[in-house]
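Please read the structure below before turning to the comments.
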Amino acid sequence: MRTLLTTLHSKYIHASLALPCLSVYCGNNCGEILIREYSVNEPKELVLAQIVACDAEVICFSVYLWNRIATLELVDCLKRINSKQQIVLGGPEISFEAEDFFERHPIDALICGEGEIPLQHVLSAWQGGEKPAPIAGLRLPEYPQKNGLSLLDSLDQIPSPFAAGLVDLTRGLVYYESSRGCPYTCSFCMSALDEQVRSFSLERIKSDLKILMDNRVAKIKFVDRTFNYNNQRSRDIFSFILQHNHSSHFHFEIGAHLLDGETLKLLKQVPEETFQFEIGVQSTLPETLQNVGRKASLEHLADNVHFLQANTKIHLHLDLIAGLPGEDYPQFLKSIDWTSALGADHLQIEPVKLLPGAPLRLEAERWGIKFDPNPPYTILQAKKLTFSDLERLRGIGRLLDLLVNSQRFEFLLKRLIEDFSRLSLLLEDLDRFWRKGNFYQQSHSLRDQYLIVDAYLCNRFSGSKLSVYRELLGRDYAHHQRVVGGSAPDFFDTNLSDQEMTMVRKRVKQELATLDRHGKVQYFAALFEHLQDYPGRTILIFLYPAKTSPGLQVQELSQMALV
29 MRTLLTTLHS
39 KYIHASLALP
49 CLSVYCGNNC
59 GEILIREYSV
69 NEPKELVLAQ
79 IVACDAEVIC
89 FSVYLWNRIA
99 TLELVDCLKR
109 INSKQQIVLG
119 GPEISFEAED
129 FFERHPIDAL
139 ICGEGEIPLQ
149 HVLSAWQGGE
159 KPAPIAGLRL
169 PEYPQKNGLS
179 LLDSLDQIPS
189 PFAAGLVDLT
199 RGLVYYESSR
209 GCPYTCSFCM
219 SALDEQVRSF
229 SLERIKSDLK
239 ILMDNRVAKI
249 KFVDRTFNYN
259 NQRSRDIFSF
269 ILQHNHSSHF
279 HFEIGAHLLD
289 GETLKLLKQV
299 PEETFQFEIG
309 VQSTLPETLQ
319 NVGRKASLEH
329 LADNVHFLQA
339 NTKIHLHLDL
349 IAGLPGEDYP
359 QFLKSIDWTS
369 ALGADHLQIE
379 PVKLLPGAPL
389 RLEAERWGIK
399 FDPNPPYTIL
409 QAKKLTFSDL
419 ERLRGIGRLL
429 DLLVNSQRFE
439 FLLKRLIEDF
449 SRLSLLLEDL
459 DRFWRKGNFY
469 QQSHSLRDQY
479 LIVDAYLCNR
489 FSGSKLSVYR
499 ELLGRDYAHH
509 QRVVGGSAPD
519 FFDTNLSDQE
529 MTMVRKRVKQ
539 ELATLDRHGK
549 VQYFAALFEH
559 LQDYPGRTIL
569 IFLYPAKTSP
579 GLQVQELSQM
589 ALV
């Protein structure tokens with residue numbers, strides 16, 4: 029018997045972790061097992077043809093919220109092509125279906141929750157020509173009822189898919205799982221259903237990580253829901269990485285409030301561009317945190333984020349969730365301000381998703397939450413948040429990414445936030461301008477982004493304040509976009525006298541003599557009069573050496589202008 033394990037990724041930049049784990053656990057007692065991975069962006073006909081060409085008796089799909097619709101369309105086609113083919117569905121998106129799911133879709137088995145035990149059970153039965161008996165975590169057309177989950181006593185029962193060579197390590201991003209479950213019961217999260225945290229042994233974790241690091245995998249993303257639920261365990265893993273890493277970058281989801289002094293001390297040793305921490309703040313309203321069952325000290329979280337920001341080189345990514353019970357629009361703006369004041373590198377806003385099986389979905393009526401019944405099940409409105417409120421927050425989230433998280437407008441934003449007194453008020457104002465100009469409706473080049481911000485400044489301000497803002501915008505632009513003379517945006521003042529241009533050329537020549545460079549170096553010069561760090565009329569010169577590394581290389585020089 030040949031079985032195909034497959035899935036549709038949202039982006040084809042990483043290798044599946046679930047499929048190799050299932051394959052290596054099933055072993056040799058389940059016949060031949062193939063793994064094939066596709067993307068939701070590929071034409072359905074092409075994916076269908078490749079699946080059919082595998083000539084498998086059993087096809088197993090790993091189903092997630094981003095691929096549910098596309099997967100079910102493939103299932104309908106496959107059964108019409110070969111009605112005898114056995115179809116198995118598993119994954120978080122498919123684990124909480126009603127009993128009539130088998131009547132609506134032509135499938136032969138549903139794997140609910142953790143998949144290793146149920147999948148091995150059903151495949152070994154079919155391999156032996158038998159009908160699988162019902163067990164926990166396995167639902168069949170003749171036994172469609174929900175019947176619990178089958179959990180492994182020890183995660184080390186799963187042989188290493190990395191040691192077995194089943195994971196493609198060449199794509200640049202590898203997902204890694206060192207534990208399952210979460211100690212917290214946040215009602216918006218699927219992990220609330222599995223409070224029992226189980227970890228692979230440290231020996232196993234270190235063995236796997238050594239394989240990944242020795243293969244110089246560019247990015248290793250831990251999928252543990254709360255990686256540092258145990259400080260001693262997390263320190264052991266951090267220390268091992270610091271000792272053996274060559275060039276890999278690691279991503280962890282952590283509870284910042286859980287970090288203890290010894291762990292914080294260790295993290296000071298982490299080199300630049302090595303660790304990224306994703307930290308869920310979610311809300312700063314105590315009532316809302318209580319409503320969703322989230323038990324985390326905001327005071328401890330803030331103290332530890334401040335420490336990490338001030339004393340380590342770890343990239344910090346903070347998350348807020350819009351639409352949680354009890355938080356209205358003004359309060360969410362306060363959450364934005366409180367969280368942004370922590371000084372992290374990235375702040376992300378996402379509307380809450382009412383995931384199948386998550387407790388909050390079951391409590392939606394209680395909180396007056398209406399949500400899209402189709403994936404990804406995004407909130408549409410709640411008792412304290414209208415659809416319009418959520419739309420504004422969605423726009424503010426996009427502007428956060430575009431203007432703040434991108435770090436391309438740092439000079440301008442610092443001054444604007446000071447003048448508006450709150451980041452959220454500035455983002456609200458920008459959102460109104462963006463909507464009025466219909467700028468959300470399409471993507472924009474980097475140059476156009478600066479031009480739109482300039483249009484906002486000219487529309488909103490005047491006089492000396494406008495002059496200050498436009499100079500700061502120009503300085504940001506010159507640091508992130510190569511400026512070519514003759515095509516500079518008009519927020520630059522390029523009216524240098526002949527004598528000033530002679531001074532600029534002389535200064536550039538002097539600077540180039542000190543540089544270790546290869547190839548041509550371009551430069552651009554403009555006049556500035558309102559910069560706090562260069563009082564008075566100043567010429568800023570921006571040198572653009574030939575590109576020798578990722579990103580734009582810029583060197584800023586100053587030259588006093590002639591009065």
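Using our numbering, read the sequence shown as starting at 29 and increasing by one per residue.
In this text, a Cβ means the ideal position worked out from N, Cα and C, and glycines have one as well.
The structure presented is a predicted model; accordingly, all values stated were derived computationally and were not measured.
(request) Take every Cβ of the stretch 544-559, pair it with every Cβ of the stretch 516-523, and state whether three or more of those distances are shorter than 8 Å. (result) yes
(request) Between the Cα of SER182 and those of HIS472, GLN78 and ILE145, spot the shortest distance and give me the residue it belongs to. (result) Taking the first residue of the sequence shown as 1, we reach residue 182 at position 154. The option with the nearest alpha carbon to SER182 is ILE145.
(request) Taking only the alpha-carbon atoms, compute the straight-line gap between VAL582 and THR530 and give it to the nearest angstrom. (result) The count along the sequence shown starts at 1 and reaches residue 582 at position 554. The count along the sequence shown starts at 1 and reaches residue 530 at position 502. If I take the Cα positions, the gap works out to 21 Å.
(request) Determine the burial state of THR542: buried for a count of at least 16 other Cβ atoms within 10 Å of its Cβ, exposed for fewer. (result) Within the sequence shown, the letter at position 514 stands for residue 542. Under this definition THR542 is an exposed residue.
(message) Beta-carbon within less than 6 Å of VAL86's beta-carbon, same chain only, minus the 5 sequence neighbours each way: which residues are those?
(response) Within the sequence shown, numbered from 1, the residue matching residue 86 stands at position 58. Closer than 6 Å at Cβ, skipping near neighbours: THR31 and GLN114.
(request) Decide if the stretch 462-479 is in contact with the stretch 397-409; the criterion is three or more beta carbon pairs, one per stretch, under 8 Å apart. (result) no
(request) Using the Cα positions of PHE436 and GLN509, report the straight-line distance between them to the nearest angstrom. (result) As a working note, residue 436 is residue 408 in the sequence shown. As a working note, residue 509 is residue 481 in the sequence shown. Note that residue 436 is Arg in the sequence shown, not Phe. C-alpha separation (whole angstroms): 9 Å.
(message) Taking the alpha carbon of PRO48 as the reference point, which residue from SER38, HIS37 and ILE61 has its own alpha carbon closest?
(response) On the sequence shown, position 20 is the one that residue 48 refers to. PRO48 has its Cα closest to that of ILE61, out of SER38, HIS37 and ILE61.
(message) Helix, strand or coil, according to DSSP, for GLU158 in the structure here?
(response) For the purposes of this step, residue 158 is identified with residue 130 of the sequence shown, where counting begins at 1. The answer is coil: DSSP assigns GLU158 none of H, G, I, E or B.
(message) By the three-class DSSP mapping on this structure, what secondary structure does PHE280 have?
(response) For this step, residue 280 is matched to residue 252 along the sequence shown. If DSSP states are grouped into helix, strand and coil, PHE280 belongs with the strands.
(message) So, for SER495: in the same chain, excluding its five sequence neighbours on each side, which residues have a beta-carbon less than 7 Å away from its beta-carbon?
(response) Indexing the sequence shown from 1 puts residue 495 at position 467. Here the set comprises HIS558.
(request) To the nearest angstrom, report how far apart LYS548 and PHE570 are at their CA atoms. (result) Numbered from its first residue, the sequence shown carries residue 548 at position 520. Numbered from its first residue, the sequence shown carries residue 570 at position 542. The alpha-carbon atoms of LYS548 and PHE570 are separated by roughly 14 Å.
(request) Measuring alpha carbon to alpha carbon, tell me which of GLY165, LEU93 and LEU74 ends up nearest VAL116. (result) Position 88 of the sequence shown holds residue 116. Residue GLY165 is the option with its Cα nearest to VAL116.
(message) Going by DSSP, what residue range makes up the alpha helix (DSSP H) through PHE519?
(response) Start at 1 with the first residue of the sequence shown, and residue 519 comes out as number 491. Counting along the chain, PHE519 falls outside any alpha helix (DSSP H), and DSSP gives it neither H nor E.
(request) Taking all protein chains shown into account, decide if LEU455 is buried (16 or more other Cβ within 10 angstroms of its Cβ) or exposed. (result) On the sequence shown, residue 455 is found 427 positions in, with the first residue counted as 1. LEU455 is buried by the Cβ-count criterion.
(request) Give the range of the alpha helix (DSSP H) segment to which GLN477 is assigned. (result) Within the sequence shown, the letter at position 449 stands for residue 477. GLN477 -> alpha helix (DSSP H) spans 474-488.
(request) Given a cut-off of 9 Å, decide if ILE349 and GLU378 are closer than it, judged by their beta-carbon atoms. (result) Translated into the one-based positions of the sequence shown, residue 378 becomes position 350. Translated into the one-based positions of the sequence shown, residue 349 becomes position 321. It is a contact, given that the beta carbons lie within the stated cut-off.
(message) Using 8 Å for Cβ pairs, my map puts LEU240 next to ILE233. What's the rounded Cβ distance?
(response) Along the sequence shown, one-based indexing puts residue 240 at 212. Along the sequence shown, one-based indexing puts residue 233 at 205. Wrong, their Cβ atoms sit about 11 Å apart, outside the cutoff.
(message) Buried or exposed for ASP504, going by 16 or more other Cβ atoms inside 10 Å?
(response) Working through the sequence shown from its first residue, we reach residue 504 at position 476. Under this definition ASP504 is a buried residue.
(request) Taking 9 Å as the cut-off, decide whether the C-beta atoms of THR254 and VAL309 are in contact. (result) For the purposes of this step, residue 254 is identified with residue 226 of the sequence shown, where counting begins at 1. For the purposes of this step, residue 309 is identified with residue 281 of the sequence shown, where counting begins at 1. No, they are not a contact pair.
(message) Output needed for LYS398: all residues of its chain with C-beta closer than 8 Å, excluding positions within five of it in sequence on either side, in chain order.
(response) By 1-based counting over the sequence shown, the position of residue 398 is 370. Same-chain partners within the cutoff: ALA392, ILE407, LEU408, GLN409 and ALA410.
(request) Check whether the Cβ atoms of GLU205 and PHE250 sit closer than 9 Å, and answer yes or no. (result) The residue given as residue 205 occupies position 177 in the sequence shown. The residue given as residue 250 occupies position 222 in the sequence shown. Yes, they are a contact pair.
(request) Would you decide whether MET588 is buried or exposed? Buried here means 16 or more other CB atoms lie within 10 Å of its CB. (result) Numbered from its first residue, the sequence shown carries residue 588 at position 560. Exposed is the call here.
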